[in-house]
Every structure is written in C-alpha cells, then in structure tokens.
Amino acid sequence: MESLLGDLGDLHSHLIPGVDDGAQAVEDSLDAVDRMVRAGVRRIVTTPHLTASLIDDTDEFEVYMAKVDEAWQKAHRVVSKTFPEVDFHRGFEVAVDTPAADLSDHRLRMAGTSFVLIEWPRLHVPQRTERVVQRIRNAGIKPIIAHPERYSGLDSELAVVGLWREAGAYVQVNHGSLVGRYGKVAQRTAMELLKKGWVDFLSSDFHARSGLEPYIREAREALSDMGADEQFRTLTATNPARLLADEEPLPVQPLFVAPGWWDRVKDMLGGSRRRRP
Ligand SMILES: [Fe+2]
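For my numbering, count along the sequence shown from 1 and bump the result up by 56.
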C-alpha cells in the first residue's frame with residue numbers, strides 16, 4: 057500500500073516482543089513497524105499492557121519492568137537500525153483495576169511526557185471512574201482513555217465519557233472501530249464520539265497480527281467522505297506530534313454526519329461484516 061500521508065503518529069500498540077499479547081518475537085516487531093511505515097506512520101509510542109494493581113506488588117512489578125526494558129532495548133535497537141525514519145518510543149497501557157491506582161512512576165508515561173494511556177479492565181466501565189480520572193489528573197498526570205468505544209454498558213448519550221473529559225481525561229479511539237473491526241456497536245459509538253468532538257487521538261491498538269493498513273486507509277476514507285480531512289489530520293498527525301512535545305492535544309471539531317450518510321458508508325465499506333480476528 058502506498059503511504060497515506062507520511063507523518064502520522066500512532067500512540068497505542070503492542071510491539072515489544074514477548075511481554076504481552078502483541079508481538080512475540082523481534083521479527084514480529086519489525087514486521088509491525090514495516091506495516092506502520094507503509095501506512096504512513098513515522099512516530100510510534102508502543103504501549104505494552106500493565107495492570108495497575110501489579111505496581112503495588114513491588115517485586116513482581118520490578119520483574120515485569122525489567123522484562124519490558126530488556127525486550128524494549130532489543131526491539132528499539134533493530135527498529136532504529138532498520139527504520140531510521142521512525143521515531144520509536146515507549147509507554148504502557150495501564151489497566152486501572154483499583155480506584156487508588158498509583159501511576160506516579162515516571163516509567164509508565166508516554167515517551168517520558170506527562171501523559172499516561174489507561175484503560176478500564178475487561179472492557180467494562182466500573183462505577184465512579186470520573187473520580188479516578190480526577191485523582192490521576194490531580195497527581196499531575198494527563199490520562200488518555202484507550203478505546204472507550206469498545207466498552208460494554210455505555211449509556212446512549214455516552215455521558216460517562218463526558219464526565220471523564222470534564223475531569224481532565226483525553227480520549228483515544230481505534231481506527232479499526234470506525235470501520236467495523238470490533239462490530240457495529242463499537243463502530244456506532246466511535247462515530248458518536250467523533251460527532252460530539254470528544255476524540256483527541258486515533259490510533260491502531262495494533263497487536264502485530266493481521267490488518268492495520270486497511271483500517272487506517274478506510275478510516276481516513278470514511279472521514280474524508282464526510283468532509284473531515286482536517287479532523288483526521290488533527291487526530292492522527294497533529295495531536296500525536298503535540299503529545300510527543302508534551303503539549304495538550306488541539307480540540308477536534310465535531311463531525312457533521314448528513315442524514316442517511318452512515319448507512320451508505322457501511323454498505324460501501326462492508327465494514328460491519330468485519331470482526332476482530
Ligand atoms: Fe491495547
């Protein structure tokens with residue numbers, strides 16, 4: 057696939073070999089970065105899974121961090137050599153499984169900035185998450201909530217996402233969600249979030265398996281068809297670049313979706329038939 061824009065940034069992926077359910081060998085990491093490059097990505101913050109309660113178990117946490125460090129150094133060395141044009145950084149995707157999660161360890165941050173990527177465990181939103189967001193924010197950390205469109209049990213107005221944003225969280229949606237990779241509900245929710253102007257970043261959540269380029273391309277085409285090229289650019293290039301400079305993302309204009317447009321696009325993409333492998 058030819059390059060889309062050549063300056064995209066991707067803030068959510070699992071490319072460090074052998075530490076989570078993403079890349080298993082360094083060859084997988086290389087293949088994944090190659091695919092990202094072909095899709096136009098030049099800035100990557102890869103984000104292995106970490107469960108917040110593990111942080112309290114100091115010994116186990118340090119064992120995991122040492123494992124991630126070692127695998128990261130190996131992957132970073134070969135990626136930098138093979139793809140010198142790629143800016144390759146590390147963060148974590150922290151599953152916040154305890155309301156009192158302590159995310160103050162600087163190693164958890166996205167590329168050493170004040171941002172941390174978080175998710176709620178088991179794709180379900182617990183009670184009073186806005187208070188957890190507020191506590192994280194009060195500790196001087198800027199939380200980015202990963203793929204809210206994939207959570208079960210969100211109300212139709214997505215009020216909880218509004219509460220997260222009021223409490224100071226940012227929102228990252230997966231490209232694949234926009235084109236049906238995770239099913240119709242996630243697709244509709246992703247679109248509703250964009251219509252509200254509540255999305256700050258679009259990223260891949262790439263696990264170094266199948267897919268990637270088609271999702272990025274189709275997400276771009278879908279937004280372009282809605283006259284939202286500027287929003288796509290802010291979500292995939294401008295805001296990731298700002299994050300790496302430790303700057304707040306720019307606001308993204310709410311998407312305007314003309315009546316009947318959504319059904320036509322679903323037919324065109326055949327997106328609602330796709331499922332996560
Ligand atoms: Fe992820």
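Ideal placement from N, C-alpha and C gives every residue a C-beta, glycine not left out. Just so it is clear, the structure is predicted and the values come from calculations on it, not from any experiment.
Range covered by the alpha helix (DSSP H) that runs through residue i
i: residue 219; result: 215-222
i: residue 390; result: Here the chain comprises residues numbered 57 to 333, so residue 390 is not present and cannot be evaluated.
i: residue 132; result: 114-138
i: residue 311; result: Premise fails: residue 311 is in no alpha helix (DSSP H) and is neither H nor E.
i: residue 76; result: Run containing residue 76: none; DSSP gives neither H nor E here.
i: residue 83; result: 82-94
Best match in the options for proximity to residue i [C-alpha to C-alpha]
i: residue 227; options: 143, 216, 137, 254; result: 254
i: residue 190; options: 183, 204, 220, 213; result: 220
i: residue 135; options: 153, 72, 256; result: 72
i: residue 204; options: 294, 196, 217; result: 217
i: residue 141; options: 122, 106, 97; result: 97
i: residue 164; options: 200, 87, 265, 270; result: 200
i: residue 74; options: 183, 84, 290, 154; result: 84
i: residue 168; options: 300, 263, 151, 208; result: 300
i: residue 290; options: 305, 155, 119, 118; result: 305
i: residue 181; options: 82, 266, 202, 128; result: 202
i: residue 256; options: 231, 122, 273; result: 231
i: residue 184; options: 91, 215, 237, 119; result: 215
i: residue 123; options: 238, 80, 91; result: 80
i: residue 298; options: 166, 91, 69, 125; result: 166
i: residue 315; options: 113, 282, 286, 288; result: 282
i: residue 239; options: 225, 91, 213, 208; result: 208
i: residue 20; options: 106, 284, 243, 237; result: Nothing in the structure corresponds to residue 20, since the chain is present only between 57 and 333.
Inter-residue CB distance, residue i and residue j (contact presumed, cutoff 8 Å)
i: residue 139; j: residue 104; result: The Cβ separation is near 19 Å, so there is no contact.
i: residue 302; j: residue 170; result: 6 Å
i: residue 206; j: residue 173; result: Not a contact, Cβ separation roughly 14 Å.
i: residue 132; j: residue 117; result: The Cβ separation is near 21 Å, so there is no contact.
i: residue 177; j: residue 151; result: 5 Å
Proximity below 8 Å, CB of residue i to CB of residue j
i: residue 249; j: residue 275; result: no
i: residue 65; j: residue 296; result: yes
i: residue 111; j: residue 76; result: no
i: residue 268; j: residue 292; result: no
i: residue 161; j: residue 108; result: no
i: residue 175; j: residue 223; result: no
i: residue 93; j: residue 67; result: no
i: residue 313; j: residue 251; result: yes
i: residue 245; j: residue 210; result: yes
i: residue 264; j: residue 62; result: no
i: residue 146; j: residue 128; result: yes
i: residue 82; j: residue 130; result: yes
i: residue 88; j: residue 272; result: no
Delimiting residues of the beta strand (DSSP E) encompassing residue i
i: residue 97; result: 97-102
i: residue 45; result: Only positions 57 to 333 of the chain appear in the structure, and residue 45 is not among them; the question remains open.
i: residue 143; result: 143-146
- [ ] Ignoring anything shorter than 3 residues or poking outside the region 226-301, list the beta strand (DSSP E) runs there in chain order.
- [x] 226-230, 257-259
Open item on the list: Just to confirm the assignment: which complete alpha helix (DSSP H) runs, minimum length 4, are found wholly within the region 148-223?
Closed with: 185-194, 215-222
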